[in-house]
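First up is the structure itself, then whatever we jot down about it.
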Amino acid sequence: MARSCNFDREEKLVLAMELFWQQGYEATSIADLVAYLGINRFSLYNTYGDKLSLYRESLRYYLEQYSQPKLKPLAANGGLDGLLSYIERFVVIQKEQKYGCFLQNAILEKIISDEVVKQQCERLFEGMLAAFNSSIEYAKASGELRADVDPIQVSRFLLMQMQGIRILGKAGQFEVIEGAYQVLKSTLISLKEQE
């Protein structure tokens, strides 16, 4: 009969996610995980499998619990104002997250060598594109945006800008982010239908 663990699995998963987020996959050892999670090696392996399995599960958890929920306001058809509010909050968050985006860190560290990490990152990008597209389609259909605006192309442009903002945030380039945000905001406003 398998022994049950005497700790909260999700709580320890969150701790593992935090450690991987701070240090990256390669720099995090099993000894680091055991110490940070406060469990022994046997419990770690028995509960999560190996280090790579725990890392992948941490990425999945981050995507489902942190990234995807932040996109919900866009899917609620907030139009251009909702999109601008989302981007403004996104810019502010960069000062609060000194380790950058966990999934973006994974892209830089593991995407070439790990198909599962690549799939998780693709899920994030697909979710962002869909949320942006939904907002832009709504804004266009409600007459906020010009008829010639291509929602798919604008969504791709926004995805590229948001990922650049993430990288600059991790590098502490907040003044650059603020200036770029003002240009991004002006660009989106320039897509408005003239009254």
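Numbering (full-length UniProt numbering), first residue to last: 1 to 195. Yeah, the Cβ is synthetic: ideal placement off N, Cα and C, and Gly gets one too.
What are the start and end residues of the alpha helix (DSSP H) that includes residue 79? What you label residue 79 is simply residue 79 of the sequence shown in a count that begins at 1. In this chain, the alpha helix (DSSP H) harbouring residue 79 covers 79-96.
Runs of alpha helix (DSSP H) wholly within the stretch 5-76 (minimum 4 residues, chain order): 9-23, 30-37, 41-48, 51-62 and 68-75
Residue 176 versus 191, 150, 92 and 193, residue with shortest Cα-Cα distance: The residue given as residue 176 occupies position 176 in the sequence shown. Residue 92 is the option with its Cα nearest to residue 176.
How about residue 44 and residue 15: do their beta carbons lie closer than 8 Å? Your numbering for residue 44 matches position 44 in the sequence shown. Your numbering for residue 15 matches position 15 in the sequence shown. Against a cut-off of 8 Å, the Cβ pair of residue 15 and residue 44 comes out as no contact.
Drop a sphere of 10 angstroms on the beta-carbon of residue 19, count the other beta-carbons inside from all chains shown, and report buried for 16 or more, exposed for fewer. Here residue 19 is taken as the residue at index 19 of the sequence shown, counted from 1. If you draw a 10 Å sphere on the C-beta of residue 19, you find 16 or more other C-beta atoms in it, and that means buried.
Would you report the Cα separation of residue 7 and residue 13, rounded to the nearest angstrom? Position 7 of the sequence shown, counted from the first residue, corresponds to residue 7. Position 13 of the sequence shown, counted from the first residue, corresponds to residue 13. Their Cα atoms are separated by approximately 11 Å.
Per the contact definition of three or more C-beta pairs closer than 8 Å, is the stretch 55-66 in contact with the stretch 82-89? no
What's the C-alpha gap between residue 28 and residue 51? Residue mapping note: residue 28 aligns to position 28 of the sequence shown, counting from 1. Residue mapping note: residue 51 aligns to position 51 of the sequence shown, counting from 1. Whole-angstrom Cα-Cα distance: 9 Å.
Buried or exposed: residue 1, going by 16 or more other Cβ atoms within 10 Å of its Cβ? Indexing the sequence shown from 1 puts residue 1 at position 1. Below a pLDDT of 50, predicted positions are generally treated as unreliable, and residue 1, at 40, falls in that range; no measurement from the model is reported.
If we count Cβ pairs, one from each stretch, closer than 8 Å, do we get three or more for the stretch 180-189 versus the stretch 105-125? no
From 63, 166, 87 and 62, residue whose alpha carbon lies closest to that of residue 73: Position 73 of the sequence shown, counted from the first residue, corresponds to residue 73. Here the closest residue by C-alpha is 87.
State buried or exposed for residue 186, treating a residue as buried only when at least 16 other CB atoms are found within 10 Å of its CB. Numbered from its first residue, the sequence shown carries residue 186 at position 186. With fewer than 16 Cβ atoms within 10 Å of its Cβ, residue 186 is classed as exposed.
Pick out whichever of 11, 115, 188 and 99 has its Cα sitting closest to the Cα of residue 132. For the purposes of this step, residue 132 is taken as the residue at position 132 of the sequence shown. Among 11, 115, 188 and 99, the Cα nearest to that of residue 132 is on 188.
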